[in-house]
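Numbering (the working numbering), first residue to last: 364 to 446.
We treat Cβ as the ideally placed atom computed from N, Cα and C, and that holds for glycine.
Every value quoted in this text rests on a predicted model; they were computed, and no experiment measured them.
A quick write-up on the structure given underneath.
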Amino acid sequence: MTPATKSDDRLRREVARIISELRPAVQGDGGDIELVDVNDRGIVSVRLHGACIGCPSSGITLKLGVEQTLKDHLPEITEVICV
364 MTPATKSDDR LRREVARIIS ELRPAVQGDG GDIELVDVND RGIVSVRLHG ACIGCPSSGI
424 TLKLGVEQTL KDHLPEITEV ICV
């Protein structure tokens, strides 16, 4: 395993951990969030489920909740997108 691969694995694990901590709040509103990918440019891809689909507040939750929390803890993260 190369150092870059170890770093990528560590980052993905940390992103997954933080998202798992945020999930109960999303689930409390009838939705869910799934980590899809973390690429080498620091872009996190997630998929929203349940009540989050089509919800006008999901964009705000994604940017001000999930993205900001990830950026606060992991400066390598540049953006969170929904796929």
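Classify residue 427 as buried or exposed, calling it buried when 16 or more other Cβ atoms lie within 10 Å of its own Cβ.
exposed
Do you know offhand how far residue 400's Cα is from residue 391's?
24 angstroms
Exposure of residue 441, with buried meaning 16 or more beta-carbon neighbours within 10 Å:
exposed
Taking the Cβ atom as the reference point for each residue, do residue 433 and residue 374 lie within a distance shorter than 8 angstroms?
no
Nearest CA to the CA of residue 397: which residue from 431, 415, 369 and 423?
415
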